[in-house]
């Protein structure tokens, strides 16, 4: 057995060896006297410093799964994070820790259902991986236990786990040099992972759709049930990580909160998400990258009020600020032309500052149009608005790069999650379970992104961002069979808790 210790605070003058009183909240001032919030100071050390030990086969192995476990434990304090997740079951037979541990590995290995995970729980190697004494053929616990935990998991605790991972990565300078023009940019977009004509829960959104009857061929109107979320992803040239997810609420969910009983739209959920991102990450975020739905005064006002920049796609020619920009560009040639040898494209720019024709936004808007001509002659036009003093100072090339990076949330995120992470399936169709699965999977997604692109330093090539990771995940799943003894996750978690 080899002792493992994580990174500790480098500033010893701040008294990081003090033991935190139990009453200190994560958003309170750190008791060490640094002046920072506890979550940004000593909590990071406490997550990772442990005097317990990982088995030597994990420490000394070059297998991908063992490397991942070592990285997640030493750098991000995985056992302590898992132990921080709680649920509201009364006198449970199985601890939240062991159930959530199995879910984390189900997410890592991209298991397609809770029943598939139940099958894994019968395997001796998987039992050793989650810290159980191996009993081949005897499942550690049932799919029903997993479902009960998902129904009652504390969602704020899961969000805190994602946040702690981001702060630890920031402290380790993971995001330094991985931004666009020194701006940390967060893409926000709506995502609808699944829909159904039959299965539904009290918080499903509904819509009427026209479908052709399978036998008669007649067109009929049916009620479709679906869930929609607004996702915030930190995008960059090196890696992308999820910061938070906010559900779009239906009438019943809003009624439960004491609000007007009607379905809300994506923009309403996005306003809540931006508020929470500001409260959670504050100046860690520099700018937002948004699609054309968000090209309106209230969103621009909120972004500007919080001191953020905004890069917002413009599509409607008859809406401001694009209408005014097109009038100013009319009959004028491009103000700049560049040749991008790496992307093999020619780019023309039109640029105008200080547009103030929006009645619902009091600030100035900068608008840019770029016409991109590929080597084969195909052309694409991007029009986008820029708000915020710092964001408006970036060059045209950087502004275009930032705006195009919005597709990371589609390619790295939504496309991958449905096709490879099985999030187009409904693991458990209750309101809390749906959001719990999404948050657990995003927690694992972030750890995997950090491991592949920062620890292993794999390039983001080939073009499909999922290709790099598919082989690594398959290799890690095969490595489960190489675990000779159970890994003492409970002991590691208790040691990390002091």
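Numbering (our numbering), first residue to last: 96 to 593. Built from N, CA and C at the ideal position, the CB exists for glycine as well.
When the Cα atoms are used, what is the spatial distance from residue 176 to residue 235? Taking the Cα positions, residue 176 is about 22 Å away from residue 235.
For my contact list, residue 390 and residue 369 are in at a C-beta cut-off of 8 Å; report their separation, rounded to the angstrom. About 15 Å separates the two Cβ atoms, so there is no contact after all.
Quick check: what's the CA-CA separation for residue 411 versus residue 459? Distance between the alpha carbons of residue 411 and residue 459: 19 Å.
With burial defined as no fewer than 16 other Cβ atoms inside 10 Å of the residue's Cβ, what is the status of residue 434: buried or exposed? Looking at its Cβ environment, which holds fewer than 16 other Cβ atoms inside 10 Å, residue 434 is exposed.
For residue 365 and residue 99, the rounded distance between their alpha carbons: Note that residue 99 has pLDDT 38, beneath the 50 cutoff, so the model's placement of it is unreliable and no number is given.
Ordered list of beta strand (DSSP E) runs contained in the stretch 358-393, each at least 3 residues: DSSP runs (the beta strand (DSSP E)) wholly in the stretch 358-393: 382-385.
Three-state secondary structure (DSSP) of residue 132: In the three-state reduction of the DSSP assignment, residue 132 falls in the strand class, which pools E and B.
DSSP three-state label for residue 286, please. Strand, per DSSP.
Residue 267 - containing alpha helix (DSSP H), residue span: In this chain, residue 267 is not harboured by any alpha helix (DSSP H), its DSSP state being neither H nor E.
Identify every run of the beta strand (DSSP E) within the stretch 491-527, keeping only runs that are complete inside it and at least 3 residues long; order them along the chain. At a cut-off of 3 residues, not a single continuous stretch assigned as beta strand (DSSP E) sits fully inside the stretch 491-527.
Buried or exposed for residue 544, going by 16 or more other Cβ atoms inside 10 Å? So residue 544 counts as buried.
By alpha-carbon positions, which one of 150, 213, 244 ends up nearest to residue 192? A check of alpha carbon separations from residue 192 across 150, 213, 244 identifies 244 as the nearest.
Give me the residue from 387, 392, 398 with the minimum Cα distance to residue 378. That would be 398, whose Cα lies nearest to the Cα of residue 378.
What are the partner residues of residue 315, as DSSP defines its beta bridges? DSSP lists 306 as the bridge partner or partners of residue 315.
Would you call the stretch 304-315 and the stretch 255-273 in contact, with 3 or more CB pairs under 8 Å? Touching, no.
Applying the 10 Å Cβ sphere with the 16-neighbour rule, what's the burial state of residue 327? Buried, because 16 or more other Cβ atoms sit within 10 Å of the Cβ of residue 327.
How is residue 456 classed by DSSP in three states: helix, strand or coil? Looking at residue 456 - three-state DSSP - the assignment turns out to be coil, as it is neither helix nor strand.
Note down, in chain order, each residue of its chain lying with its Cβ closer than 6 Å to the Cβ of residue 248, except the 5 sequence neighbours on either side. The answer, listed in chain order, is 182, 531.
From what residue to what residue does the beta strand (DSSP E) around residue 449 run? Here the beta strand (DSSP E) through residue 449 covers 440-450.
How long is the line joining the alpha carbons of residue 162 and residue 323, rounded to whole angstroms? Going from the Cα of residue 162 to the Cα of residue 323 covers about 35 Å.
How should residue 449 be labelled, buried or exposed, when 16 other C-beta atoms within 10 angstroms of its C-beta is the threshold for buried? Burial call: exposed.
Using CA atoms only, rank isn't needed, just tell me which of 413, 186, 194, 439 is closest to residue 472. Nearest C-alpha to residue 472: 439.
So what's residue 407 in DSSP terms, helix, strand or just coil? In this structure, residue 407 counts as strand in the three-state DSSP scheme.
Which residues mark the beginning and the end of the beta strand (DSSP E) in which residue 565 is found? Where residue 565 is concerned, there is no enclosing beta strand (DSSP E), although the alpha helix (DSSP H) around it starts and stops at 562-574.
Cα-Cα separation, residue 112 to residue 159: No answer about residue 112 holds up, because its pLDDT of 34 lies below 50 and its placement is not dependable.
Let me check understanding here. Comparing Cα to Cα, which of 311, 301, 155, 462 lies closest to residue 347? Measuring from the Cα of residue 347, the nearest candidate turns out to be 301.
Is the stretch 451-468 in contact with the stretch 478-494, if contact means three or more CB pairs nearer than 8 Å? These segments touch.
Does residue 437 pass the burial test, meaning 16 or more other C-beta atoms within 10 Å, or should it be called exposed? Counting Cβ neighbours within 10 Å, residue 437 comes out exposed, since fewer than 16 surround it.
Could you name the residues that DSSP lists as bridge partners for residue 340? Paired residues: 326.
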